[in-house]
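Down below is the structure, laid out as structure tokens.
Number of protein chains: 2
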Amino acid sequence: MSKPATPADPNCPFLRACRCEPADHTPIWIMRQAGRYLPEYREIRSKVSFLEMCRRPELAAEVTLQPIRRLGVDAAILFADILLVVEPMGAGLEFSAGTGPRILRPVRDGRAVDALQAVEVSASLGYVFEAARLVRAGLPRQIPLIGFAGAPFTVASYMIEGGASRDYVHTKSLMYRDSGAWHALMERISTVLIDYLNGQIDAGAQAVQLFDSWVGALSPGDYREFVQPHSARIIAGLRPGVPVIHFGTGAATLLELMRDAGGDVIGLDWRIELADGWRRLGNGVGVQGNLDPTVLYSDPPEIRRRAKQVLDQAGGRPGHIFNLGHGILPTVPVDHAIALVDAVHEMSSR
Amino acid sequence: MSKPATPADPNCPFLRACRCEPADHTPIWIMRQAGRYLPEYREIRSKVSFLEMCRRPELAAEVTLQPIRRLGVDAAILFADILLVVEPMGAGLEFSAGTGPRILRPVRDGRAVDALQAVEVSASLGYVFEAARLVRAGLPRQIPLIGFAGAPFTVASYMIEGGASRDYVHTKSLMYRDSGAWHALMERISTVLIDYLNGQIDAGAQAVQLFDSWVGALSPGDYREFVQPHSARIIAGLRPGVPVIHFGTGAATLLELMRDAGGDVIGLDWRIELADGWRRLGNGVGVQGNLDPTVLYSDPPEIRRRAKQVLDQAGGRPGHIFNLGHGILPTVPVDHAIALVDAVHEMSSR
Chain S
779 MSKPATPADP
789 NCPFLRACRC
799 EPADHTPIWI
809 MRQAGRYLPE
819 YREIRSKVSF
829 LEMCRRPELA
839 AEVTLQPIRR
849 LGVDAAILFA
859 DILLVVEPMG
869 AGLEFSAGTG
879 PRILRPVRDG
889 RAVDALQAVE
899 VSASLGYVFE
909 AARLVRAGLP
919 RQIPLIGFAG
929 APFTVASYMI
939 EGGASRDYVH
949 TKSLMYRDSG
959 AWHALMERIS
969 TVLIDYLNGQ
979 IDAGAQAVQL
989 FDSWVGALSP
999 GDYREFVQPH
1009 SARIIAGLRP
1019 GVPVIHFGTG
1029 AATLLELMRD
1039 AGGDVIGLDW
1049 RIELADGWRR
1059 LGNGVGVQGN
1069 LDPTVLYSDP
1079 PEIRRRAKQV
1089 LDQAGGRPGH
1099 IFNLGHGILP
1109 TVPVDHAIAL
1119 VDAVHEMSSR
Chain F
779 MSKPATPADP
789 NCPFLRACRC
799 EPADHTPIWI
809 MRQAGRYLPE
819 YREIRSKVSF
829 LEMCRRPELA
839 AEVTLQPIRR
849 LGVDAAILFA
859 DILLVVEPMG
869 AGLEFSAGTG
879 PRILRPVRDG
889 RAVDALQAVE
899 VSASLGYVFE
909 AARLVRAGLP
919 RQIPLIGFAG
929 APFTVASYMI
939 EGGASRDYVH
949 TKSLMYRDSG
959 AWHALMERIS
969 TVLIDYLNGQ
979 IDAGAQAVQL
989 FDSWVGALSP
999 GDYREFVQPH
1009 SARIIAGLRP
1019 GVPVIHFGTG
1029 AATLLELMRD
1039 AGGDVIGLDW
1049 RIELADGWRR
1059 LGNGVGVQGN
1069 LDPTVLYSDP
1079 PEIRRRAKQV
1089 LDQAGGRPGH
1099 IFNLGHGILP
1109 TVPVDHAIAL
1119 VDAVHEMSSR
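Residue numbers (the numbering used here), protein chains in the order written: chain S, 779 to 1128; chain F, 779 to 1128.
Here it is as structure tokens:
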């Protein structure tokens, strides 16, 4: 156990934006900001496997802190992987170079769901909480720590498909053919996710993000029936007073349903204009986003011009957290990421 | 040259729907209906390569006709590939088992764009027109033939990336860093596509579909600036009086922009509720879609129940063409595809 954390200032720009309160500038962080585009990250990664980086709290904490030092972003996000929860459930997890994560024993029927194990998160995922404590201890008061988890649909579809998928045939087949097994799987995953996110909060995370990376594969009707109740149960089960960012990729037609499932802030990707998304979401909810990550391959003047377009869409309305519309890509020049952060800070200063 | 074609009946249900006129039932066809889920297709495919199937008019015509016989759909769609146009332009094209199509000389800068060749479609793509003639000659009058092409964004991004992509880094980098080269590439592709589609029409296609399979990667602003003028130019350049179906995947936020680019019918995928999409598109335009293709992995009663939901969303309004929201998947049981067609015909009979 490390020393008790210094909590973040509840009036820092990021936490004010989570509450839709005005701040002296628009806060910005970048999805996957602790990642391969940073040479100091690649330096550590060259010595240990991806899973080992996740499991060694001092390494996870170090890479979490790297973008705070390098970019000057307004929040840290814990370095971890959305699939870490899958291993203690008993499905098996492997990261291999090139092919990405693989589930060793895909869960495709009720029998496999029943065979999953209950998870005592402090025992099996305590290394994540310890990393959170180390990060919090290493952060200035002005910088909050964001905890996160994959949303249950995204975790379930990974467990069912066994790896990345294009058409989600196994996932949807289970939904359509055995909805009882589907809901049982979602409940089991959700129970783990509630404990996992609360554990991160107890260890020092002042906000959490629920990533529904793959939810854009679903029709609105399927989301409503097969996913929304589970995401809602998770969000309702988190420690009160801790802001939740609810983000889906390619989810433009699901925004209202995701908002109804919960979240103080809804993450938008670049496929929807921010003003249009925020108008649909209505008052009382913040938005996060939504610059196309590939814009960082253009040059700093163009990055600035396009960042301004996003800020203009937000119109200075309190409750906007600037971010990319998806994770930063591994080959982006670091200078371009810095240019984005600087431009957002400068152009949004009030 | 084959014998002159018998034109399709302009009052068949499919062509009436294209004009938003009432028909005695809702017409249905299925994207990729000439495909691997059919044993009679696999039988032919087992003997020749994919490209050879495209290039031998008698084989392309045969597989185009197979689903007409087997499923009883209301329209035929020419068997071909959206990338056939790339080869005569000089970028090189290869289909290899497992990895899908590959562009041998990706086009990533202005120099590469300038090096592309002008295309005389009747010389280099005449085999497609000959296949269309053979199909038309083999079809009953009640069944129209749909010609098709990839939309210029989808073709361009394939040419630039060299193969399938997740993030379109090269494509968007060209857009953002050298918009002159981008527009030059789109113009060259569009010129070929106009001739190619008009060639199909002259050979017997009574309607055409423009497939923008990858357009969902774009923000609305980027679509407007980098794509819309080119798609609009193509649609405006086609033979008058021939209905155009304009379809994009994951394009829920682009629907109005795609409609403004042109099309008598806008294709919807399953990510948007059909009623919602049609309401946004307004009067004067038909819609095509939009059952999730994975529904065909459930059983016939569930397929029927979900087909009814789509028909209910359309509400019997003239101008609805039933289809999946994307191509039929190769492992779908044929009986399930037949069950869908039968259910749509029966439930929509007026």
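Cβ atoms here follow ideal geometry from the backbone N, Cα and C, with glycine treated the same way.
As the structure is a prediction and not an experimental result, all values here were calculated from the model.
For residue i, report the span of its beta strand (DSSP E) as first-last.
{"i": "F:Val1119", "result": "Unbroken run through F:Val1119 is the alpha helix (DSSP H), Val1112 to Ser1126; no beta strand (DSSP E)."}
{"i": "F:Ser824", "result": "Counting along the chain, F:Ser824 falls outside any beta strand (DSSP E), and DSSP gives it neither H nor E."}
{"i": "S:Ile1023", "result": "Val1022 to Gly1026"}
{"i": "F:Leu871", "result": "Leu871 to Ser874"}
Hey, does residue i have any beta-carbon neighbour from chain S nearer than 7 angstroms?
{"i": "F:Thr1027", "result": "no"}
{"i": "F:Ile1050", "result": "yes"}
{"i": "F:Arg1128", "result": "no"}
{"i": "F:Pro998", "result": "yes"}
{"i": "F:Ala1030", "result": "yes"}
{"i": "F:Glu1034", "result": "no"}
{"i": "F:Glu1080", "result": "yes"}
{"i": "F:Leu862", "result": "no"}
{"i": "F:Leu1107", "result": "yes"}
{"i": "F:Ala1121", "result": "no"}
Take the Cβ of residue i as the centre, count every other Cβ of all protein chains shown within 10 Å, and call the residue buried at 16 or more, exposed below.
{"i": "S:Val1110", "result": "buried"}
{"i": "F:Gly1094", "result": "exposed"}
{"i": "S:Leu882", "result": "exposed"}
{"i": "F:Ser968", "result": "buried"}
{"i": "F:Pro805", "result": "buried"}
{"i": "F:Gly1019", "result": "exposed"}
{"i": "F:Asp1090", "result": "exposed"}
{"i": "S:Ala795", "result": "buried"}
{"i": "F:Gln895", "result": "exposed"}
{"i": "S:Glu1051", "result": "buried"}
{"i": "S:Gly925", "result": "buried"}
{"i": "F:Gly878", "result": "exposed"}
{"i": "S:Arg911", "result": "buried"}
{"i": "S:Ala901", "result": "exposed"}
{"i": "S:Arg1083", "result": "exposed"}
{"i": "S:Lys950", "result": "buried"}
{"i": "S:Ser1126", "result": "buried"}
Are the CB atoms of residue j and residue i within a distance shorter than 7 angstroms?
{"i": "F:Val841", "j": "F:Trp807", "result": "no"}
{"i": "F:Asp1000", "j": "F:Ala929", "result": "no"}
{"i": "F:Ala1092", "j": "F:Val1122", "result": "no"}
{"i": "S:Ser997", "j": "F:Asp1070", "result": "yes"}
{"i": "S:Leu923", "j": "S:Arg914", "result": "yes"}
{"i": "F:Ala838", "j": "F:Phe857", "result": "yes"}
{"i": "S:Val899", "j": "S:Gly977", "result": "yes"}
{"i": "S:Ala869", "j": "S:Met953", "result": "no"}
{"i": "F:Leu971", "j": "F:Ala927", "result": "yes"}
{"i": "S:Ala962", "j": "S:Val897", "result": "no"}
{"i": "F:Leu843", "j": "F:Ile1116", "result": "no"}
{"i": "F:Glu799", "j": "F:Pro1096", "result": "yes"}
{"i": "S:Arg1011", "j": "S:Ile979", "result": "no"}
Does the beta carbon of residue i sit closer than 7 angstroms to a beta carbon anywhere in chain F?
{"i": "S:Ala786", "result": "no"}
{"i": "S:Lys945", "result": "At residue 945 of chain S the sequence reads Asp, which differs from the Lys that was named. So yes, S:Asp945 belongs to the interface."}
{"i": "S:Tyr954", "result": "yes"}
{"i": "S:Thr877", "result": "no"}
{"i": "S:Glu1003", "result": "no"}
{"i": "S:Lys781", "result": "Low confidence applies to S:Lys781: its pLDDT is 48, below 50, so where it sits in the model is not reliable, and the reading given next is rough at best. False, the Cβ-Cβ gap to chain F never drops below 7 angstroms."}
{"i": "S:Leu1069", "result": "no"}
Residues of chain A with a CB under 8 angstroms from the CB of residue i: which are they?
{"i": "S:Ser951", "result": "In the structure shown, chain A does not exist; the protein chains are S and F."}
Taking the alpha helix (DSSP H) that residue i falls in, what are its first and last residues?
{"i": "S:Gln844", "result": "Pro835 to Leu849"}
{"i": "F:Asn976", "result": "Ser957 to Asp980"}
{"i": "S:Ser991", "result": "Careful: S:Ser991 lies outside any alpha helix (DSSP H) and carries neither H nor E."}
{"i": "S:Gln1066", "result": "No alpha helix (DSSP H) holds S:Gln1066; the beta strand (DSSP E) holding it covers Gly1064 to Leu1069."}
{"i": "S:Pro930", "result": "Pro930 to Glu939"}
{"i": "F:Pro866", "result": "Val864 to Met867"}
{"i": "F:Pro879", "result": "F:Pro879 -> not in any alpha helix (DSSP H); beta strand (DSSP E) instead, spanning Gly878 to Ile881."}
Can we say the region 929-945 of chain S touches the region 1051-1070 of chain F, given the rule of at least three CB pairs closer than 8 angstroms? At 8 angstroms Cβ cutoff, the stretches do not touch.
Count Cβ pairs between the region 1036-1045 of chain F and the region 977-994 of chain S that sit closer than 8 angstroms; are there 3 or more? no
Any contact of the region 973-986 of chain S with the region 884-893 of chain S, i.e. 3+ C-beta pairs under 8 angstroms? These segments do not touch.
Just checking, does the region 785-792 of chain S make contact with the region 814-825 of chain S on the three C-beta pairs under 8 angstroms criterion? no
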